[in-house]
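Taken in order, the sequence shown gives residues 5 to 479; the numbers are from my numbering.
Here's the structure we're looking at; comments come further down.
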Amino acid sequence: MAQKYDAVIVGAGISGCGVAALLSRAGKKVLLLERTKLIGGRASSYKYKGHTLNIGEHAGIRDGYLDTLVQAVGQKIPDRGFFEDYLIWRNGKFEKAFDIVPKLNPEEMERVVRTVQEATPEVMGKYDAISGAELFSPMVKNPENWYMLNLIGAIWNTIPNIENQAASSVIEAMRTASRSTLAGFQAAHGIGDYSRTISQVVKECGGEILTEAPVAEILVKNRRVVGVRVEREAKHDVMHDYPIGEVFTVEAPLVVTAIPIWTVFNLISEKMFSSEFVKKAKHLNKLTANLGFMVGLKKPLFNEKLFVMADLPTLGYPTTIFISSNLCPTLSPKGEHLLECSCICEFELGEDRGLVLRKLQEMKDDLEKLYPGWQKKVIWIRPYFRWEEPARTPGRDGIFKPGPKAPEIEGLYFAGDSVNSRITPGMECAADSAMICARAILGKLPEVKPAVKPKAGKKSQPGKTGKAGKKSKKR
Ligand SMILES: Cc1cc2nc3c(=O)[nH]c(=O)nc-3n(C[C@H](O)[C@H](O)[C@H](O)COP(=O)(O)OP(=O)(O)OC[C@H]3O[C@@H](n4cnc5c(N)ncnc54)[C@H](O)[C@@H]3O)c2cc1C
């Protein structure tokens with residue numbers, strides 16, 4: 005007999021953990037299913053040579069949507085360390101970010117700020133369709149103003165040029181920047197600590213979290229969601245002559261997918277939706293990427309809690325550099341330090357492995373210009389290239405994203421940074437989308453009160469007991 009839940013959430017990134025925790029707080033019995041070993045999705049962390057590494061550079065924002073979500077589920081904000089200053093490196097020298105302010109043209113800046121302030125939701129809908137350059141170039145002529153606008157857009161939207169960013173996303177980036185001056189942080193125990201903290205609520209309220217449990221199908225009867233089928237990977241180990249996979253179904257009248265929207269069609273036939281909806285969802289499948297490396301150091305390159313933004317001359321992509329262990333010594337073993345250096349680049353770069361390796365080498369060489377001799381301090385280097393966020397190009401943000409409720413299928417909802425929310429950057433967007441989704445399901449967010457565990461009874465975990473489902477053989 006299949007296990008029964010009030011709601012199944014597919015994917016344990018920030019958005020999935022958020023929806024799962026909010027529904028749990030509202031008294032629903034929730035099952036959160038994650039296909040990998042890690043809770044946190046793209047905002048996960050793991051241990052490496054005694055350091056805690058994020059799967060790629062992750063800076064959060066104080067008092068934003070992520071903090072609101074943590075508080076909305078009744079949890080304490082995880083420990084973190086804050087950046088204390090922001091430096092820009094361009095034309096071969098460092099300058100403080102705030103020293104650019106006097107070089108800005110105040111009249112032009114005022115026009116930009118007014119445009120940002122006056123952008124109502126209706127106007128934002130129009131700005132979703134045009135680029136930041138189209139909106140702002142008629143009002144911004146001063147090169148320093150243009151540089152600043154481009155930089156803010158690039159950092160928060162993860163797209164190198166304002167020409168490719170939706171105007172609405174540039175506005176959201178400006179709003180984020182004005183909310184978060186000097187409020188960027190590093191999580192003291194890795195960014196995955198946020199999703200872990202949020203998802204704890206699920207268990208406290210009597211629900212379950214299963215990792216390494218990929219959902220293979222969303223089950224629908226008469227246009228109503230009835231549950232999901234999970235297909236656990238076959239495990240290769242000495243106990244089995246040939247690998248055995250595990251298949252089980254879970255019954256639930258409510259399923260929330262918290263995965264990129266275009267991947268939902270791997271779980272439910274696109275024939276269930278209108279061709280217009282399918283086209284809209286698939287159109288969002290354009291990605292931005294993050295290329296960089298985590299570095300274990302014998303000595304830090306600098307001692308300050310600095311966030312450095314660099315125009316690296318050879319690499320040619322906006323790059324950020326910081327010593328995260330300066331902000332959070334908890335991230336590194338005693339006597340060692342953690343450098344994070346990464347750039348925003350096109351996802352298509354990843355199609356050419358040789359080019360990725362060349363860009364990483366250019367990043368290392370360029371870093372030599374900022375911090376001569378830095379490589380002598382290195383203990384290890386861990387390079388990475390990852391897709392970061394759905395690209396907020398014109399025609400792909402705001403009104404172009406699907407809402408939280410699936411059309412045409414009762415009981416199916418969506419969350420994640422590819423749906424609902426315009427907020428930038430990604431973690432903020434994912435957290436906002438979780439709250440939008442929970443509101444759409446519950447009518448309002450649950451009141452924060454101590455978690456109540458349902459009465460103790462016989463509890464069996466789906467996929468763990470013989471009765472929960474049938475086993476299948478996989479080769
Ligand atoms: C390298 C890198 C750097 C970044 N830097 C920043 C930053 O500095 N600041 C910032 O705000 N944002 C940053 N982001 C973006 C941010 O991490 C994401 O926008 C955010 O975490 C997305 O959360 P999500 O819940 O929408 O999706 P995800 O985190 O992608 O979660 C989806 C989850 O669903 C799981 N899943 C998928 N399919 C299935 C299935 N069939 N069954 C079960 N589970 C499934 C996935 O394994 C995953 O865990 C960065 C991202 C990357 C990759």
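Don't be surprised by glycine CBs; every beta carbon is placed ideally from N, CA and C.
Excluding the five sequence neighbours on either side, which residues of its own chain have a C-beta within less than 6 Å of the C-beta of residue i, listed in chain order?
i    : result
A220 : R233 and E235
G470 : With a pLDDT of 36 at G470, under the threshold of 50, the modelled position of this residue cannot be trusted; read the value that follows with caution. Answer for G470: no residue qualifies.
S19  : A262, A419, G420, A434, S437 and A438
I59  : S48
L42  : S48
F98  : L91
P411 : F281
G68  : E432
N424 : P408, S437 and I440
A11  : L27, K32, V34, A256 and L258
R94  : D315
Hey, would you say residue i sits closer than 9 Å to residue j, going by beta carbons?
i    : j    : result
L316 : D356 : no
V299 : V382 : yes
N289 : P164 : no
I13  : V260 : yes
T292 : N146 : no
C345 : E138 : no
Y151 : I213 : no
L353 : K363 : yes
I222 : I272 : yes
A158 : P322 : yes
A256 : Y9   : yes
M480 : R227 : No answer is possible for residue 480: it lies beyond the span of the chain, which begins at 5 and ends at 479.
L155 : M367 : no
P218 : L37  : yes
G129 : G402 : yes
V120 : I175 : yes
Starting from residue i, trace the beta strand (DSSP E) both ways and give me its first and last residue.
i    : result
L342 : H341 to E350
N294 : L291 to L301
E372 : Taken as a continuous stretch (DSSP letters only), E372 belongs to no beta strand (DSSP E), being part of the alpha helix (DSSP H) at R357 to L374.
G85  : R84 to F86
I383 : V382 to P394
D315 : L310 to D315
Between residue i and residue j, how many whole angstroms is the CB-CB distance? I'm expecting something under 8 Å.
i    : j    : result
S203 : A63  : Not really, about 22 Å apart at Cβ, beyond 8 Å.
W384 : K53  : 6 Å
V452 : A76  : 7 Å
Q79  : S135 : Between S135 and Q79 the Cβ distance is about 39 Å, and since that is not below 8 Å, they are no contact.
P376 : F297 : About 18 Å; that fails the 8 Å criterion.
P480 : A192 : For the chain, the structure presents residues 5 to 479; residue 480 sits outside this window and is missing.
For the alpha helix (DSSP H) containing residue i, list its first residue and its last residue.
i    : result
M113 : P110 to Q121
S336 : Careful: S336 lies outside any alpha helix (DSSP H) and carries neither H nor E.
F281 : S279 to H287
N168 : Run containing N168: none; DSSP gives neither H nor E here.
P322 : From DSSP, P322 is part of no alpha helix (DSSP H) but of the beta strand (DSSP E) over P322 to I327.
Among residues of its own chain, excluding the 5 on either side of residue i, which ones have a beta-carbon nearer than 8 Å to its beta-carbon?
i    : result
F486 : Residue 486 is absent from the model: the chain starts at 5 and stops at 479.
S199 : A16, G17, I18, C21, I43, G44, G45, A47 and S48
L108 : N146, E148, N149 and M152
W266 : A285, K286, L288, N289 and S422
Beta-carbon within less than 7 Å of residue i's beta-carbon, same chain only, minus the 5 sequence neighbours each way: which residues are those?
i    : result
M113 : N149
A25  : V77, I202, S203, V205 and V206
A171 : Y131, I134, S135, G136, E138 and L139
S328 : Q190, L335, L342 and E344
Within 9 Å of any Cβ in chain B, is that where the Cβ of residue i sits?
i    : result
I202 : Looking for chain B here will not work: only one protein chain is present.
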